[in-house]
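Q:
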Amino acid sequence: GAGVSQSPSNKVTEKGKDVELRCDPISGHTALYWYRQSLGQGLEFLIYFQGNSAPDKSGLPSDRFSAERTGGSVSTLTIQRTQQEDSAVYLCASSLRGQNTGELFFGEGSRLTVL
Amino acid sequence: AQSVTQLDSQVPVFEEAPVELRCNYSSSVSVYLFWYVQYPNQGLQLLLKYLSGSTLVKGINGFEAEFNKSQTSFHLRKPSVHISDTAEYFCAGYRSGGYQKVTFGTGTKLQVIP
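Below is the structure:
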């Protein structure tokens, strides 16, 4: 597609359930980021994938959070045993490093509500 | 890693007045800097970027920013704001070389008052 696509756009789940959020980056983009934006807060870095390098997971808040990127393209962010404090908008962004020098293109986000 | 600091969490300004949103970065080595804007209930989009060359960068919607190496700043300015500029603005940057990740400031909410 022309832009970064995220799904679902909205997800309501019950506390304790697992959720998966999906990100389709722009074709050919080698870098992919996940951020979390809680209500009224800034961007919280979660994880960064760059090509075939080991991902930078330094922002994941707990071991309930994990992410993978298959085939260097689609990424899935998984939150296990969701808690109410996980409620936020999860943003995905991609970029083509080496050209456009790292400009990020953002998806519209997945809004997660944990009841 | 590059560190980016936005000094103001909220900036109220009257319509048609000038505005400056402040951003400072941590490294004086080769650095790429960006400003992104997030309008209410929307995703982030690029406003402008500094890669190299001229230190005055012009972006969309009449915004501009000046890269100041001696003060390690990249402040965003607009000479006359409109109601439609009400949004949250994020400064971001990363050091060139290798696969440094982009880091974001905490954001500045610009509230334009009619």
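Chains as they are written, first to last, in my numbering: chain A, 1 to 115; chain B, 1001 to 1114.
Every residue gets a Cβ at the ideal spot worked out from N, C-alpha and C, and that includes glycine.
Please name the residue or residues paired with Thr1086/B in a DSSP beta bridge.
A: Answer is none; Thr1086/B lacks a bridge partner.
Q: Alpha carbon to alpha carbon, what distance is there between Lys17/A and Ser7/A?
A: Cα to Cα, the separation comes out at about 17 Å.
Q: What residues from chain A crowd round Gly1062/B, counting only those whose CB sits closer than 8 Å?
A: Within 8 Å Cβ-Cβ: nothing; Gly1062/B doesn't reach chain A, min ~20 Å.
Q: Note down, in chain order, every chain B residue with its Cβ under 9 Å from the Cβ of Tyr90/A.
A: By Cβ distance, chain B contributes nothing, its closest Cβ being about 12 Å from Tyr90/A, past 9 Å.
Q: What separation, rounded to the nearest whole angstrom, lies between the Cα atoms of Lys1101/B and Pro1012/B?
A: In a straight line, the C-alpha of Lys1101/B is about 31 Å away from that of Pro1012/B.
Q: Where does Asn10/A fall in DSSP's three states?
A: Strand.
Q: Could you name the residues of chain A that Thr1106/B contacts, counting a contact when the two beta carbons are closer than 9 Å?
A: Those within 9 Å of Thr1106/B in chain A are Gln41, Gly42 and Leu43.
Q: For Phe1067/B, would you say it is in contact with chain A, using Cβ-to-Cβ distances shorter than 9 Å as the test?
A: Not an interface residue.
Q: Using alpha carbons as the reference points, say which of His29/A, Glu108/A, Tyr35/A and Glu103/A lies closest to Ser58/A.
A: For Ser58/A, the nearest C-alpha among the options comes from Tyr35/A.
Q: Who are the near neighbours of Glu1015/B in its chain, counting only those whose CB is closer than 7 Å to its CB and skipping five residues on each side?
A: So the qualifying residues of the chain are Val1081, His1082, Ile1083, Val1112, Ile1113 and Pro1114.
Q: Would you say Tyr1039/B lies against chain A (beta-carbon separation less than 9 Å)?
A: Tyr1039/B does not count as touching chain A.
Q: Quick check on Asp56/A - is its C-beta less than 9 Å from some C-beta in chain B?
A: Judged by the 9 Å Cβ criterion, Asp56/A is in contact with chain B.
Q: Using a cut-off of 9 Å between C-beta atoms, extract the partners of Lys1058/B located in chain A.
A: Residues of chain A passing the Cβ test: none, with the nearest at roughly 16 Å.
Q: Roughly how many angstroms separate the alpha carbons of Gly3/A and Ser9/A, rounded to a whole number?
A: So the alpha carbons of these two residues sit roughly 15 Å apart.
Q: In its own chain, which residues sit with a C-beta less than 6 Å from the C-beta of Gly111/A, not counting the 5 before and 5 after it?
A: The sequence given here places Arg at residue 111/A; Gly does not occur at that position. Closer than 6 Å at Cβ, skipping near neighbours: Asn10 and Val89.
Q: Taking only beta-carbon atoms, is Ser95/A less than 9 Å away from chain B?
A: Taking Cβ atoms only, chain B reaches closer than 9 Å to Ser95/A, which makes this a yes.
Q: Between which residues of its own chain and Gln80/A is the CB-CB distance below 7 Å, once the five residues before and five after are set aside?
A: Same-chain partners within the cutoff: Asp18 and Arg64.
Q: Indicate the three-state DSSP secondary structure (helix, strand or coil) for Thr1108/B in the structure shown.
A: Three-state DSSP puts Thr1108/B in a strand.
Q: Flag Phe65/A as yes if its beta-carbon sits less than 9 Å from any beta-carbon of chain B, otherwise no.
A: Phe65/A does not count as touching chain B.
Q: Compute the distance between the beta-carbons of Glu68/A and Thr82/A, then report whether it is under 9 Å.
A: No.
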